[in-house]
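Visitor: Residues in the sequence shown are numbered consecutively from 18, following this note's numbering.
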Amino acid sequence: MSSWLGPDAGHPRCAEAGMVSVIVVLENPGSPDLVMVHAAPSAPDVPGDPGPLTACGIDTTEMVTYPWQPSRPGQRWWQPELRDRVRPRCDQAVRVA
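Below, the structure written as structure tokens:
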């Protein structure tokens with residue numbers, strides 16, 4: 018996978034340090050039983066908005082941004098309550114970045 022994330026990805030200070038932050042996006046938000054949680058880099062021209070593709074390569078156009086950020090470096094990019102919905106390929110891409 019490409020390393021599009023900095024070492025503290027997902028932490029609010031990432032943008033200040035010039036690193037790309039993780040934006041949490043939801044796939045199928047209208048179908049609670051089918052929701053999948055993805056990681057996307059922030060859009061280069063609009064910080065806080067997801068880039069065009071998730072870490073696992075899926076188009077983010079139809080996805081919804083989930084308003085959550087880890088509170089400290091080293092914490093998972095996804096909210097603990099969503100662990101069963103995290104897309105494994107996105108999680109792996111963030112871990113190796």
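For each residue, glycine too, the CB sits at the ideal point set by N, CA and C.
Does the beta-carbon of V39 have 16 or more other beta-carbons within 10 angstroms, so that it is buried, or is it exposed?
Guide: Counting Cβ neighbours within 10 Å, V39 comes out buried, since at least 16 surround it.
Visitor: Assign P67 to one of three DSSP states: helix, strand, or coil.
Guide: Correct three-state label for P67: strand.
Visitor: Could you check whether W85 and V41 sit closer than 7 Å to each other, using their CB atoms as the reference points?
Guide: Yes; because the gap between Cβ atoms is below 7 Å, this pair is in contact.
Visitor: Please name the residue in A57, S48 and N45 whose C-alpha comes closest to that of Q109.
Guide: The shortest C-alpha separation from Q109 is found at A57.
Visitor: Under DSSP, the alpha helix (DSSP H) around V41 begins and ends at which residues?
Guide: Run containing V41: none in the alpha helix (DSSP H); it sits in the beta strand (DSSP E), V39 to E44.
Visitor: Compute the beta-carbon to beta-carbon distance between S59 and P46, rounded to the nearest angstrom, for a pair I have assumed lies under 8 Å.
Guide: Rounded, the Cβ-Cβ distance is 19 Å, inconsistent with contact.
Visitor: What residue range is occupied by the uninterrupted alpha helix (DSSP H) comprising V111?
Guide: From DSSP, the alpha helix (DSSP H) with V111 extends over P105 to V113.
Visitor: Return helix, strand or coil for P97, following the three-state DSSP convention.
Guide: P97: helix per DSSP, three-state reduction.
Visitor: To which residues of the same chain is W95 closer than 7 Å at the C-beta, ignoring the five residues directly before and after it?
Guide: Closer than 7 Å at Cβ, skipping near neighbours: V41, V54 and V103.
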